Amino acid sequence: MILRDLLRDMEYECLQGSLEQEIAALVYDSRKVEPGCAFVCLKGAKFDAHAFAGQAVAAGAAALIIEDAAALEQVKEGANLEADAKDHGVQGAPAVILVKNSREALAYAARNWFGNPASKLKVIGLTGTKGKTTTTHMIKKILEEAGNKVGMIGTLGAFIGTEKYKTANTTPESYELQRLFAKMLEEGCTYAVMEVSSQALKLGRTAGIDFAYGAFLNISPDHISADEHKDFQEYLDCKKLLFLQTGPVIVNKDDPRWQEATELAKDRIVTVSQKGEADYMASDAHNIWEGSFLGVTFTLSGKRSAQVNLPMPGTFNVENALIAIAITAEIGIPTEAILNGLAKVYVKGRTQLMTCMAGHGTMLIDYAHNAVSAENLLSMLKAYKPDRLICLFGGGGNRAKARRYDMGEASGKYADLTVLTMDNPRDEEVEEINKTIIEGLNVHGGKYITIIDREEAIHYLIDNARPGDIIALLGKGHEEYQEIKGQKYYFSEEKIIEEYCQKKFGNGNV
Numbered sequence: 275m276i277l278r279d280l281l282r283d284m285e286y287e288c289l290q291g292s293l294e295q296e297i298a299a300l301v302y303d304s305r306k307v308e309p310g311c312a313f314v315c316l317k318g319a320k321f322d323a324h325a326f327a328g329q330a331v332a333a334g335a336a337a338l339i340i341e342d343a344a345a346l347e348q349v350k351e352g353a354n355l356e357a358d359a360k361d362h363g364v365q366g367a368p369a370v371i372l373v374k375n376s377r378e379a380l381a382y383a384a385r386n387w388f389g390n391p392a393s394k395l396k397v398i399g400l401t402g403t404k405g406k407t408t409t410t411h412m413i414k415k416i417l418e419e420a421g422n423k424v425g426m427i428g429t430l431g432a433f434i435g436t437e438k439y440k441t442a443n444t445t446p447e448s449y450e451l452q453r454l455f456a457k458m459l460e461e462g463c464t465y466a467v468m469e470v471s472s473q474a475l476k477l478g479r480t481a482g483i484d485f486a487y488g489a490f491l492n493i494s495p496d497h498i499s500a501d502e503h504k505d506f507q508e509y510l511d512c513k514k515l516l517f518l519q520t521g522p523v524i525v526n527k528d529d530p531r532w533q534e535a536t537e538l539a540k541d542r543i544v545t546v547s548q549k550g551e552a553d554y555m556a557s558d559a560h561n562i563w564e565g566s567f568l569g570v571t572f573t574l575s576g577k578r579s580a581q582v583n584l585p586m587p588g589t590f591n592v593e594n595a596l597i598a599i600a601i602t603a604e605i606g607i608p609t610e611a612i613l614n615g616l617a618k619v620y621v622k623g624r625t626q627l628m629t630c631m632a633g634h635g636t637m638l639i640d641y642a643h644n645a646v647s648a649e650n651l652l653s654m655l656k657a658y659k660p661d662r663l664i665c666l667f668g669g670g671g672n673r674a675k676a677r678r679y680d681m682g683e684a685s686g687k688y689a690d691l692t693v694l695t696m697d698n699p700r701d702e703e704v705e706e707i708n709k710t711i712i713e714g715l716n717v718h719g720g721k722y723i724t725i726i727d728r729e730e731a732i733h734y735l736i737d738n739a740r741p742g743d744i745i746a747l748l749g750k751g752h753e754e755y756q757e758i759k760g761q762k763y764y765f766s767e768e769k770i771i772e773e774y775c776q777k778k779f780g781n782g783n784v
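Printed below as a string of structure tokens:
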């Protein structure tokens, strides 16, 4: 690709070299610089790639994209441009391009490098403090039920159909993001659903993407630190940025800041609510537990009318379902496909019901690994009035001891039996970790047993489960490893449960 084409749609100044230079690759990691590439110098909270500008030239970079003009001097002082360029077959000195924001420049360059794949997909972006992961899964399942192939990007990784791809962030760096869009297009996807984090918006990772739909779920104080957002207002202001680049915005009217959050919206606003008038409303939401079905049911009214059954416990999931319903309904998905999609949805490691236990007890896997999430989950499950609420968990090693104590206190308060086991002990001994948990359990006189080996503990629970039990496995969630003494070992609760149920009952998860 010609450098001029790589820079399309961005403001820049060419400080040196030719815009007609052929570019062989687009790179932002100095360790991956190769002859003929364009190297984008990013500034981070703890690093500045401008310091490697000279090194990139020495390695054969054909172009440098910088936001700090001083880097040009660093290049000249750190490398003999003509000599180094000739060594790598580059004609003349590398081009040096000055931009206002190199992260945003990377986003546009990546978009151009991959041929703007997002423009050929219907991209749906969701932002909010809570519920993004669950809601994206709901939307994906509904769209698939209507016959579409869907890509998804978020906290649990990237998915193209059923294929999973690991990602480093909830919203990946722009280059990886555009590469994923290109892969989705190649694999026949027509939709991409993604979580858009406040950090991604702040750092310009989604710059240049035209979202077909955007959604605002909710906002509460989070991600406020020296490395993320300096205060709540900045956090909110960053979330607002999404709606500068979306079509219609679906918004949860029950959040008190919804109007401020969407004030930059360029298109129409579609509302959802459980409390008042809106385009899509939910009423009469209540828990339902029938056989292997543990979830919620509610009445949908407004632009669509239906009775909705959601196989996810907790009425808080109604908000997520409303957003998913509104987006897919606005797209034009039939109500039947929406209801069927919601009836089949699950999120790996998030109140994930293991249906292979049907008739033998209700078992679920959840990522809850602190006191707040554990108390919220266990109090919600207690509201279903099981004969026994049983909780299995351990504590993470090399982490605050108070977290272990508090989780023990929460389990002692709600669970009829706690099974103490191994989580990620890291460099600590499991027995020492569990001592602190037991102190918390004792606050409420919580009954407990200890089975250190987590697989053995899961087998014990399956062997001793009763039909009226709800059994919650906390802490591991979607993780598929245990970290012990500096090593990570493969460990999947989902697989262990399915295999043992197959052996014991002759069935697997469906």
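In the working numbering, the protein residues as written are 275 to 784.
Virtual Cβ for every residue (Gly too), placed ideally from N, Cα, C.
It should be emphasised that the depicted structure is a prediction, and the values quoted were computed from it without experimental measurement.
Cβ neighbours of Tyr620 in the same chain (closer than 8 Å, five flanking residues each side left out): His411, Pro585, Met586, Gln626 and Leu627
Alpha-carbon to alpha-carbon, His503 and Leu289: 33 Å
Terminal residues of the alpha helix (DSSP H) in which Gln473 lies: Ser472 to Lys476
Cutting at 8 Å between CB atoms, please list the residues of its own chain near Phe455, excluding the five before and the five after it. Phe388, Pro391, Ala392, Leu395, Val397, Gly425 and Ala466
Cβ-based burial, Glu729 [other Cβ within 10 Å; buried from 16]: buried
Can you list, in chain order, the residues of its chain whose CB lies under 7 Å from that of Val717, leaving out five sequence neighbours each side? Glu683 and Gly686
Nearest to Glu705 by CA position, among Gly670, Gly719, Gly462 and Asp690, is which residue? Gly670
Secondary structure of Cys665, DSSP reduced to three states: strand
Quick check on this structure: which residue in Phe490, Arg678, Glu461 and Ala657 has the alpha carbon closest to the alpha carbon of Thr409? Phe490
Are the beta-carbon atoms of Val570 and Gly588 separated by less than 8 Å? yes
Candidates Thr692, Glu294 and Lys404: which alpha carbon is nearest Lys513's? Lys404
The region 370-379 touching the region 311-320, judged by at least three CB pairs closer than 8 Å: yes
Count the other C-beta atoms from every protein chain shown that fall within 10 angstroms of the C-beta of Ala674, then say buried if there are 16 or more, exposed otherwise. exposed
State the Cα-Cα distance for the pair Thr445 and Arg479, rounded to the nearest angstrom. 8 Å
Could you give the residue range of the beta strand (DSSP E) that holds Val570? Phe567 to Gly576
Sequence-distant residues of the same chain with beta carbon closer than 8 Å to Thr710, five excluded per side: Gly669, Lys675, Arg678, Tyr679 and Gly682
Just verifying my parser: in three-state terms, what is the DSSP assignment at His324? helix
Does Lys514 come out as helix, strand or coil in the three-state DSSP assignment? helix
What residue range is occupied by the uninterrupted alpha helix (DSSP H) comprising Gly719? No alpha helix (DSSP H) holds Gly719; DSSP gives it neither H nor E.
Does the distance from the CB of Ile524 to the CB of Ala600 come in under 8 Å? yes
Quick check: the Cα distance between Gly399 and Glu534, rounded to an integer number of angstroms? 18 Å
If you run the structure through DSSP and keep just helix, strand and coil, what is Glu296? strand
Keeping to the same chain, check which residues put their C-beta closer than 6 Å to that of Thr609; ignore five residues upstream and five downstream. Arg578 and Ala580
Beta-carbon proximity list for Lys414, same chain, < 7 Å, skipping 5 on both sides: Val424, Met426 and Val467
Simplified DSSP assignment, three categories, for Val227: A question about residue 227 goes unanswered here, because the residues of the chain that appear run from 275 up to 784.
What distance in whole Å lies between the Cβ atoms of Met284 and Tyr382, which are believed to be in contact at a cut-off of 8 Å? 5 Å
Run through the DSSP bridge pairs and tell me what Trp563 is partnered with. Leu568
For Arg700, which beta-bridge partners are listed by DSSP? Ile758
Under 8 Å Cβ to Cβ from Ala645, same chain only, skipping five residues before and after it: list those, please. Arg677, Asp680, Met681, Glu683 and Ala684
Taking buried to mean at least 16 other C-beta atoms within 10 Å of its own C-beta, is Ser472 buried or exposed? buried
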